[in-house]
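K.L.:
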Amino acid sequence: MSARLRLPSSPSARLITGGDYLRFANRLLATNHVAHGQGFSNAQEEALTLLSAATGLSWEKLPHCFERPLREKEKNQFIEFLDRRVFDRIPTAYLVGEAWLGGLSFSVDPRVIIPRSYFVELIPEAIPQWLPPAQSIKRIADVCTGSGCLAVLLAKRFPRAKVDATDLSKDALDVARINVAKHRLQKRIKLYHTDTMTALKGGPRYDLIVSNPPYEPEGIYRRLPTEFKKEPKQSLVSGKDGLDVIRKLLTQASSLLQPHGILVIEVGGLREKMQKTWPKLPMLWLSTADGMDCVVLIQATNLQKISLPSPRTRRRV
Ligand SMILES: C[S@@+](CC[C@H](N)C(=O)[O-])C[C@H]1O[C@@H](n2cnc3c(N)ncnc32)[C@H](O)[C@@H]1O
């Protein structure tokens, strides 16, 4: 049992059932101001996920333990999870080794960012609308693949496509490999250790290039809650202004897309900066449920029309 976490000692407040522990966890997470947003939007979701992992019960079966006393092993595991979540600020997804995106489970650990991309909303309908029929899409690139979550969602949405997924981090690619195998997509998803799309140059062109790159400016990163600093810095930060990887991507993508192809990039808070930096580039901002609309769609024909400045840095791996 944890040395740091204090459990209620008065008999009336004593924790016995799964329900008691769940209420305790909700209060604890709220009063300690843990930050959400890494695959979970509130304390309740995190507490339920930790209880599910501690008891081994799926979400559907979890209510079975609400009215029964928790077993010693279950209690110890749950308290240990809470202790690490509250005092070490370890994100819940790392504690349980799993994150969900688009109804699919992905293995995660501190080698990769926890999946939470806006692309989960856009891959099913909004993006295919800009392409020929899904069955005819043959080649897709997922640049900055991290855990491989978007490569997997894309391979499932476009069942005839081969997906090339790149990342600069070998560690991230090791996790992506686990997820590609978990979803039995080894024959359709190929992983590349490379800077942006460097290793993909010279191959056949793509119908679709998708990227959720790092896009936080250094200054914003410094102010993020501790939980977010448990994720690899390289997955969040992209230079002083946040645009380093996006600059490279825009320059490389124009020669790698088919004429009917599209480039779609999640850019976080950089929408205005993008428009100011490339005022002549037509950008379509896709709507997302929370109104952030921070995913940009650029058509190959438009990308090829304008001449983009070279990226400031070129780094081969
Ligand atoms: C925001 S994460 C996105 C991961 C995943 N696509 C997702 O949506 O969860 C960005 C990823 O880009 C990788 N990365 C950073 N700089 C890169 C670069 N220059 N070229 C390729 N990958 C890069 C990081 O290692 C990290 O895995």
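To convert, note that position 213 of the sequence shown is 311 in the numbering used here; the numbers rise steadily by one, no gaps. Ideal placement from N, C-alpha and C gives every residue a C-beta, glycine not left out. Please read all numbers here as calculations on a predicted model, not as lab measurements.
Pairing CB atoms from the region 317 to 330 with CB atoms from the region 119 to 137, are three or more of them under 8 Å?
P.N.:
The region 317 to 330, when compared against the region 119 to 137, does touch it at the 8 Å Cβ threshold.
K.L.:
Which residues in the same chain as residue 425 place their Cβ atom closer than 8 Å to its Cβ, once the five residues preceding and following it in sequence are excluded?
P.N.:
Since the first residue of the chain shown is 99 and the last is 415, residue 425 is not available in this structure.
K.L.:
Within the present structure, is the beta-carbon of residue 247 separated from the nearest heavy atom of ligand 1 by less than 7 Å?
P.N.:
The answer is yes for residue 247.
K.L.:
Can you grab the Cα-Cα spacing for the pair residue 387 / residue 215, in whole Å?
P.N.:
If I take the Cα positions, the gap works out to 12 Å.
K.L.:
Could you check whether the region 293 to 305 touches the region 232 to 241, counting it as contact only if at least three pairs of C-beta atoms, one from each stretch, sit closer than 8 Å?
P.N.:
Result yes; three or more Cβ-Cβ pairs closer than 8 Å.
K.L.:
Who are the Cβ neighbours of residue 307 in its own chain at under 6 Å, not counting the five residues just before and after it?
P.N.:
Here the set comprises 239, 351, 361.
K.L.:
What are the start and end residues of the alpha helix (DSSP H) that includes residue 217?
P.N.:
It spans 217 to 220 - the alpha helix (DSSP H) in which residue 217 sits, taken as one unbroken run.
K.L.:
Measuring CB atoms only, is the region 225 to 233 touching the region 190 to 210, in the sense that at least three cross pairs come out at less than 8 Å?
P.N.:
Taking 8 Å as the limit for Cβ pairs, the verdict is that the region 190 to 210 does not touch the region 225 to 233.
K.L.:
Could you tell me which whole beta strand (DSSP E) segments of length 3 or greater appear in the region 164 to 213?
P.N.:
Segments of the beta strand (DSSP E) lying fully in the region 164 to 213: 196 to 199, 202 to 205.
K.L.:
Is the Cβ-Cβ distance between residue 392 and residue 364 less than 8 Å?
P.N.:
For residue 392 and residue 364, yes; Cβs fall inside 8 Å.
K.L.:
Do you know offhand how far residue 413's Cα is from residue 176's?
P.N.:
Since pLDDT at residue 413 reaches only 39, below the 50 mark, its modelled position is unreliable, and no value is offered.
K.L.:
Buried or exposed for residue 108, going by 16 or more other Cβ atoms inside 10 Å?
P.N.:
The residue is exposed, with fewer than 16 neighbouring Cβ atoms inside 10 Å.
K.L.:
Taking 6 Å as the limit between beta carbons, can you name the residues of its chain near residue 255, skipping five residues before and five after?
P.N.:
So the list reads 221, once near-sequence residues are dropped.
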